[in-house]
Every structure is written in structure tokens, then in C-alpha cells.
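Worksheet: the structure to be examined is printed underneath.
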Amino acid sequence: MKLALFPLSAHLLPGGIMPLRIFEPRYQRMIAQAGDQGFALCMLDPRQPDTLRNMYPIATRVRIVDFDQLPDGLLGITVLGMERVRITDLWQEADGLRIGEVEQLPPWRTGRLNADQHSLARALQEVFEDYPEYAALYRNPDWGDASWVAQRWLEVLPIPVEQKQWLVAAEDNQPALSLLSGLLVASH
0 MKLALFPLSA HLLPGGIMPL RIFEPRYQRM IAQAGDQGFA LCMLDPRQPD
50 TLRNMYPIAT RVRIVDFDQL PDGLLGITVL GMERVRITDL WQEADGLRIG
100 EVEQLPPWRT GRLNADQHSL ARALQEVFED YPEYAALYRN PDWGDASWVA
150 QRWLEVLPIP VEQKQWLVAA EDNQPALSLL SGLLVASH
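See below:
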């Protein structure tokens with residue numbers, strides 16, 4: 000599958016919601032052409048800032064769920080993470096928009112948090128309470144689902160991008176849950 004690539008310093012995972020401001024003409028074209036297929040949000044690789052391949056290979060295919068003109072006249076969109084994808088090839092079009100050949104990665108298995116992991120959901124609920132504008136993006140948070148909780152934590156935690164990319168690339172949520180549980184224990 001071919002998708003337009005939108006590099007960001009932040010990352011979004013399946014089930015995640017993110018507002019974006021679109022101002023560059025190449026990304027306005029990307030939005031106009033996205034349709035139901037969407038585009039891929041890619042995490043920037045700070046080790047290669049000025050190269051065509053300045054993004055990590057694991058990205059998230061997103062679809063636009065809302066849009067609006069912002070007070071400053073820019074286009075505002077809200078995207079929903081649909082699935083993880085791996086970028087297998089990429090090229091740049093004349094206007095600078097990068098396009099990638101991507102392959103879908105299997106989703107993390109949905110499952111309930113075990114008894115030792117419920118503290119992760121409670122701590123994430125506290126983050127939602129502290130940041131109501133972030134919480135407002137999620138009408139129906141799935142506090143009991145291990146993958147949903149792990150993915151929201153990976154989106155907001157300030158961990159090194161190399162480590163985040165490794166966790167996002169994992170076949171399941173276990174490495175992320177182990178790291179998150181360890182971080183939570185260390186912080187209390």
C-alpha cells in the first residue's frame with residue numbers, strides 16, 4: 000500500500016487521537032488526497048535530521064475524523080490511529096511530500112489488564128484529570144484494555160525515541176507493559 004508520510008516529533012498509535020495544524024502546501028495536498036486510506040504519521044529520527052529517510056520505519060496509518068479552520072486561518076484536523084505499518088520504501092515528490100510503500104503490521108492483541116497492571120490505568124486516569132484538553136479527545140477511554148493503556152502511555156511518556164520505536168515495533172504489548180510497570184514502580 001502507498002501512503003503519504005507525515006513526519007512528527009510525536010507519535011500516535013492505534014486508537015490514539017491527535018489534533019494537527021496543517022500549513023505547508025504539500026501537507027494540504029496530502030490531506031486533500033487522503034480519503035478513506037488516510038496517511039502515515041511517522042516518528043522523526045533525530046540522528047538523521049537532514050535526510051530523506053529522517054524517520055523511523057514503524058509508523059501509524061491514520062484517518063481524519065474531524066477538521067476545522069483554526070482562528071489563525073490554518074487548517075486544523077483531528078486524526079485517529081488505525082494500525083501500525085512498516086515503511087519498506089519511500090520517495091519524495093516534486094513538492095517535497097514523501098510517499099512510502101508500507102506493509103500493515105499485526106495489531107497488538109486486546110486483553111484485560113492483569114491485577115499488577117491496574118495501577119497503570121489509574122495513573123493514566125490521573126494524567127487525563129491533569130490535562131483535560133487531552134482527556135477531551137477520548138470520549139470512551141478503555142481503561143481495562145492492556146493494549147489501549149500501553150499505547151496511550153507510549154504516546155505521552157518522554158522516553159528516548161529509539162526506545163519508543165523499539166517498543167512500538169514489538170509484536171505484542173508485553174515489552175511496553177513491562178517498561179511502564181517498572182517506570183511506575185520507580186516513580187513511587
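Residue 47 in numbering that gives the first Met the number 0 sits at position 48 of the sequence shown, with consecutive numbering throughout.
Each residue gets a CB set at the ideal place from its N, CA and C atoms; glycine is no exception.
Residue j beta carbon less than 8 Å from that of residue i
i	j	result
Leu104	Arg83	yes
Ala120	Phe127	no
Pick from the options that is closest to residue i, judged by C-alpha positions
i	options	result
Ala249	Leu11, Gln32 and Gly15	A query on residue 249 cannot be resolved here, the shown segment of the chain reaching from 0 to 187 and no further.
Gly95	Asp67, Arg52, Ala169 and Asp141	Arg52
Ser8	Asp171, Asp115 and Pro159	Pro159
Tyr55	Arg62, Val61 and Arg46	Arg46
Glu161	Glu102, Ile57 and Leu89	Ile57
Asn113	Ala169, Pro140 and Val148	Val148
Ser118	Ser180, Tyr26, Tyr130 and Leu11	Ser180
Cβ-based neighbour list, residue i, same chain, cut-off 8 Å, excluding 5 preceding and 5 following
i	result
Arg111	Gly143, Asp144 and Ala145
Val64	Ile16, Thr77, Val78 and Leu79
Glu100	Met0, Lys1, Ile86, Thr87, Asp88 and Leu89
Ala39	Leu2, Ala3, Leu4, Phe5, Ala58, Thr59, Arg60, Val61, Val84, Ile86, Gly99 and Val101
Own chain partners of residue i with C-beta closer than 7 Å, once the 5 adjacent residues on each side are dropped
i	result
Arg20	Leu69, Leu73 and Gly75
Pro13	Thr59, Gly80, Met81, Glu82, Arg83, Pro106 and Gln150
Asp171	Trp107 and Arg108
Distance between beta carbons of residue j and residue i, contact taken as under 8 Å
i	j	result
Met42	Gln164	6 Å
Ala188	Leu176	Past the edges of the chain, shown from 0 to 187, lies residue 188, and the structure says nothing about it.
Beta-carbon proximity list for residue i, same chain, < 6 Å, skipping 5 on both sides
i	result
Leu136	Ile16
Phe22	Leu73
Pro18	Thr77
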